[in-house]
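Q:
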Amino acid sequence: MPSELLLAPVGAGKTEYALNQLHQVVEMQPFAPIWVLLPGRRQEDALRQRLVEGIDKRRVYFNITFFSFYTLYARLLDMVGKPQREVDDTARLKLIRGLLTELQQNNQLTVFQKIADKPGFAKVIADFIYELKQNVVYPEAFEIVAEHGSDKDRDLAKIYTSYQAMLRTYNLIDREGEGWLALEEV
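If you read the sequence shown in our numbering, its first letter stands for residue 11, the second for the next number, and so on.
1) Once DSSP output is grouped into helix, strand and coil, what is the label at ILE125?
2) To the nearest angstrom, how far is it from the Cα of LEU224 to the Cα of ARG185?
3) According to DSSP, is GLU96 part of a helix, a strand, or is it coil?
4) Are LEU48 and SER13 close, meaning C-beta to C-beta below 9 angstroms?
5) Mapping the DSSP letters down to three states, classify VAL35 as helix, strand or coil.
6) Quick check: PRO93 and ALA101, are their CB atoms within less than 9 angstroms of each other?
7) In the DSSP assignment, what residue or residues form a beta bridge with VAL46?
8) Looking at C-beta atoms only, is the number of pairs between the segment 147 to 156 and the segment 106 to 117 that lie closer than 8 angstroms three or more?
9) ILE169: which of ARG51, THR81, PRO149 sits nearest, CA to CA?
10) Start and end of the alpha helix (DSSP H) containing GLY159?
11) Decide if TYR27 is buried, meaning its Cβ has at least 16 other Cβ atoms within 10 Å, or exposed.
12) Quick one: Cα of LEU57 to Cα of LEU15, how far?
13) Rounding to the nearest angstrom, what Cα-Cα distance links TYR140 and MET176 in this structure?
14) Can you give me the Cβ contacts of ALA18 inside the same chain, cut-off strictly under 7 angstroms, excluding the 5 residues immediately before and after it?
15) Can you tell me whether GLY189 is buried or exposed? The criterion is at least 16 other CB atoms within 10 Å of its CB, across all chains shown.
16) Ignore the nearest five residues each way along the sequence and tell me which others in VAL36's own chain have a CB closer than 7 angstroms to its CB.
17) The alpha helix (DSSP H) that contains ILE135, what's its start and end?
18) Can you have a look at PHE122 and say buried or exposed, based on whether 16 or more other CB atoms are within 10 angstroms of its CB?
19) Tell me which same chain residues have a C-beta within less than 6 angstroms of the C-beta of THR120, skipping the five on either side of it?
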């Protein structure tokens, strides 16, 4: 089945159309491998439920694999023989806290020097880094832009660059970085 991208407003029948297509493929080729990409677990659960309650009330389907973007990244990298050591959110926050402490102790921050060790700051930085990574803004590119920006921009660039360097040093990856690698491999 060729890939299709459906664009329509909410409530226009995209999900119903996709389910009908899925049912048609399953009827014609019951064991054909089918990949379904959804934004998150809630959408996956809802689609599974609608699939089972669908047209023919079939209770068992074979070879249908549901993915979020993050599980798809991992699968693609496994398929090309490049599985990664991904850090979970808890470990990632701990790494960022350690990095912020180190930068603060070495007086390498300007604007964030006094708050780098405050509760919640590491989470704000972690979210900011993910936002940059989701938009495929590499540390090097952000650093170049930050050079012409404010002290805050330069602090953020230093933190982001140091974070990414730490991941590379320890051969680790975060979930957004896994997306970068998958994109390079595809």
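Built from N, CA and C at the ideal position, the CB exists for glycine as well. What you are looking at is a predicted structure, and each value in this text was computed from that prediction instead of being measured.
A: Per the coordinate set shown:
1) Indexing the sequence shown from 1 puts residue 125 at position 115. Coil.
2) The structure shown does not extend to residue 224, since the chain is modelled only from 11 to 196, so the question has no answer here.
3) Within the sequence shown, the letter at position 86 stands for residue 96. Here GLU96 sits in strand by DSSP.
4) Working through the sequence shown from its first residue, we reach residue 48 at position 38. Working through the sequence shown from its first residue, we reach residue 13 at position 3. It is not a contact, given that the beta carbons lie outside the stated cut-off.
5) What you label residue 35 is simply residue 25 of the sequence shown in a count that begins at 1. Looking at VAL35 - three-state DSSP - the assignment turns out to be helix.
6) Sequence index remark: in the sequence shown, residue 93 carries index 83 (1-based). Sequence index remark: in the sequence shown, residue 101 carries index 91 (1-based). Contact: no.
7) As a first step, residue 46 is located in the sequence shown; it is residue number 36 there, counting from the start. Answer is PHE76, bridged to VAL46.
8) No, the segment 147 to 156 does not touch the segment 106 to 117.
9) Numbered from its first residue, the sequence shown carries residue 169 at position 159. The residue with the shortest Cα to Cα distance from ILE169 is PRO149.
10) Here residue 159 corresponds to residue number 149 of the sequence shown, with the count starting at 1. It is not in any alpha helix (DSSP H) - GLY159 carries neither H nor E in the DSSP assignment.
11) Position 17 of the sequence shown, counted from the first residue, corresponds to residue 27. Classification of TYR27: exposed, given that the 10 Å Cβ count is below 16.
12) Your numbering for residue 57 matches position 47 in the sequence shown. Your numbering for residue 15 matches position 5 in the sequence shown. Straight-line Cα distance between these residues: approximately 17 angstroms.
13) Position 130 of the sequence shown, counted from the first residue, corresponds to residue 140. Position 166 of the sequence shown, counted from the first residue, corresponds to residue 176. Using only the alpha carbons, I get a separation of about 15 angstroms.
14) Position 8 of the sequence shown holds residue 18. Excluding residues within five positions, the ones whose Cβ falls inside 7 angstroms are LYS24.
15) Stepping through the sequence shown from its first residue, residue 189 is reached at position 179. It is buried - the Cβ of GLY189 has at least 16 other Cβ atoms within 10 Å.
16) Working through the sequence shown from its first residue, we reach residue 36 at position 26. Same-chain partners within the cutoff: TYR71.
17) Translated into positions along the sequence shown, residue 135 becomes position 125. ILE135 -> alpha helix (DSSP H) spans 131 to 144.
18) The sequence position of residue 122 within the sequence shown is 112, counting from 1. Counting Cβ neighbours within 10 Å, PHE122 comes out buried, since at least 16 surround it.
19) Here residue 120 is taken as the residue at index 110 of the sequence shown, counted from 1. Excluding residues within five positions, the ones whose Cβ falls inside 6 angstroms are ASP161, ASP165.
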